[in-house]
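The structure under discussion appears below in the form of structure tokens.
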Amino acid sequence: MSRKQRIKSTRQYPNNGSRAVEFRYEAPMAKQVHLAGDFNDWNFDGMPMHQDDRGVWRACVPLSAGRYEYRFIVDGDWQNDPHACGVVPNEFGSCNCVVEVGA
Numbered sequence: 088m089s090r091k092q093r094i095k096s097t098r099q100y101p102n103n104g105s106r107a108v109e110f111r112y113e114a115p116m117a118k119q120v121h122l123a124g125d126f127n128d129w130n131f132d133g134m135p136m137h138q139d140d141r142g143v144w145r146a147c148v149p150l151s152a153g154r155y156e157y158r159f160i161v162d163g164d165w166q167n168d169p170h171a172c173g174v175v176p177n178e179f180g181s182c183n184c185v186v187e188v189g190a
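In structure tokens form, the structure reads like this:
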């Protein structure tokens with residue numbers, strides 16, 4: 088079963104105050120994983136993630152302070168982050184994951 092690891096905020100971008108937020112998703116057998124959320128207008132394939140040698144898919148996204156909803160698309164199927172800091176219902180009868188980025 089695929090499982091997501093923690094999301095962490097790393098460096099800060101001085102020009103616009105945003106932070107690099109690293110999203111991780113463990114899925115060693117997946118052929119492709121994308122990240123979609125309100126930060127990229129839920130673009131189904133606009134934010135591909137890259138797999139490391141241990142099967143963890145990663146993407147760093149510059150985000151300003153605030154609350155964001157997101158999900159992973161694993162080989163074409165929407166997946167939730169089992170380690171998200173929260174979930175909220177969406178209009179499709181499932182849930183979106185929530186990440187909060189501090190100031």
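Residue numbers (our numbering): 88 to 190. C-beta atoms are modelled at their ideal positions from N, C-alpha and C, and glycine is treated no differently.
Starting from Phe-159, follow its DSSP beta bridges and name the residues at the other end. Leu-122 and Gln-166
For Gly-163, count neighbouring Cβ atoms within 10 angstroms of its own Cβ and tell me buried if that reaches 16, exposed if not. exposed
Pick from Gly-124, Gln-138 and Asp-139: whose alpha carbon is nearest that of Asp-132? Gly-124
Would you tell me roughly how many angstroms separate the C-alpha atoms of Glu-178 and Asp-139, rounded to the nearest one? 33 Å
Contacts around Val-174, its chain only, beta-carbon distance under 8 Å, and the 5 residues preceding and following it disregarded: Asn-167, Cys-182, Asn-183, Cys-184 and Val-185
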